[in-house]
Each structure stands twice: as C-alpha cells, then as structure tokens.
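All the letters of the sequence shown, read from the start, carry residue numbers 27 to 183 under our numbering.
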Amino acid sequence: MPITPLHLGLGTTCKGIGNHRFSLLIFSGVQVLMDIEPLLGMILGWNTLHLYTHNLIGAFLIALIAIPIGKVMSEFVLRRLLKQKNWQITWRVATLSALTGSFSHILLDGLMHADMYPFYPFSQTQFLLNLIPYSFIFYGCFIGFIFGGILFLLHEK
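Next up, the structure:
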C-alpha cells in the first residue's frame, strides 16, 4: 500500500531520540516521494510497483531531491504555520533525515514486497524478503511510533 504510515514508526523513534538533530517532516516527506512510483503503478496497472525508486540508487537520488526541498518546506511549516519563529533546520539535519528516510524505506519495503530489488539494476536478488515476519515489522513500527512519541513529548517539557 503506497504512502503507508507504517514507516513513520522508525521516523518517530529517530525524532524522539534525536530531537532537534532529526527532522520528522523531512523524513515523512521522503516516505511520500518514495511511494509515488508504487502509487502510479497501482493506478496504471503496472506489474512491478517497486523498481526504480525502491533500490539503493533510487533511494539516494530521492534523498538528494528531498534535502533542499524538505529543508525549505519544513522551515516554512515550522515558522509560518506552527509559529516557531527561530526554528532552523541545518543542512546536516536535512541530509541525515532524508537519507534515513529513503534507506529505511528500502529496508522495510524489502522485507515485505516481492518486487523489491535493493541492488537493481545490478542484481535482482531479494535477500530481505520474508526475513522477518510481517507482524514483527508492523508491531515493531507501531511500538516505535509510541516510544518515539513519548520521548518527543518528554523532550518538549
């Protein structure tokens, strides 16, 4: 399912641990960018949904696109909409958040989807598929979301 909130469990945990050293907004934006290909594939009836963006090269390129766009958009949201006037996301935070988002997306989807080839176009091996049961992934991400949310709230006090 494209644009699943499942990936946000890891992002929320990273935000809870890293606090101001991690941008959940950029991480979340990367999740949406990563899933444009599967969404289009579902709409257009493609046989393979996770090919060009769901490999290490595609993930790296999406992160490179997301870094400047995510930095500008996230700062706009934080300053204008959330009224955080002095908030600034450093390039280091933007880069870390985007790369974490794209590569963790590859890892999680590689564990679940049969049409995932992390080393495409060099190899079409699926060494991650079914390595961990789906229920572990689902509940792990859910628990990560709760854990990260609690840590984030503790940092904000």
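Built from N, CA and C at the ideal position, the CB exists for glycine as well.
Do you know offhand how far residue i's Cα is from residue j's?
{"i": "T151", "j": "D135", "result": "14 Å"}
{"i": "F171", "j": "P147", "result": "33 Å"}
{"i": "G175", "j": "A92", "result": "24 Å"}
{"i": "L107", "j": "F153", "result": "43 Å"}
{"i": "Y160", "j": "L137", "result": "8 Å"}
{"i": "H33", "j": "T121", "result": "18 Å"}
{"i": "S54", "j": "I169", "result": "17 Å"}
{"i": "N112", "j": "K41", "result": "19 Å"}
{"i": "Y143", "j": "K109", "result": "42 Å"}
{"i": "T38", "j": "L155", "result": "24 Å"}
{"i": "P31", "j": "L51", "result": "13 Å"}
{"i": "A140", "j": "L125", "result": "23 Å"}
{"i": "R105", "j": "V98", "result": "11 Å"}
{"i": "I88", "j": "F102", "result": "21 Å"}
Terminal residues of the continuous alpha helix (DSSP H) containing residue i?
{"i": "V119", "result": "117-138"}
{"i": "P94", "result": "82-102"}
{"i": "I43", "result": "34-44"}
{"i": "L181", "result": "In the sequence as displayed, the identity of residue 181 is His instead of Leu. Element bounds for H181: 160-182."}
{"i": "L50", "result": "50-60"}
Excluding the 5 residues flanking residue i on each side, which residues of the same chain have their C-beta closer than 6 Å to its C-beta?
{"i": "S130", "result": "L36"}
{"i": "S49", "result": "S100, I115, V119, S123"}
Is the separation between the beta-carbon of residue i and that of residue j shorter than 8 Å?
{"i": "L59", "j": "G67", "result": "no"}
{"i": "S128", "j": "V56", "result": "yes"}
Tell me which same chain residues have a C-beta within less than 8 Å of the C-beta of residue i, skipping the five on either side of it?
{"i": "I43", "result": "G174, L177"}
{"i": "P94", "result": "A120"}
Note down, in chain order, each residue of its chain lying with its Cβ closer than 7 Å to the Cβ of residue i, except the 5 sequence neighbours on either side.
{"i": "R47", "result": "V119"}
{"i": "L179", "result": "none"}
For residue i, which three-state DSSP category applies?
{"i": "M68", "result": "helix"}
{"i": "L107", "result": "helix"}
{"i": "P31", "result": "helix"}
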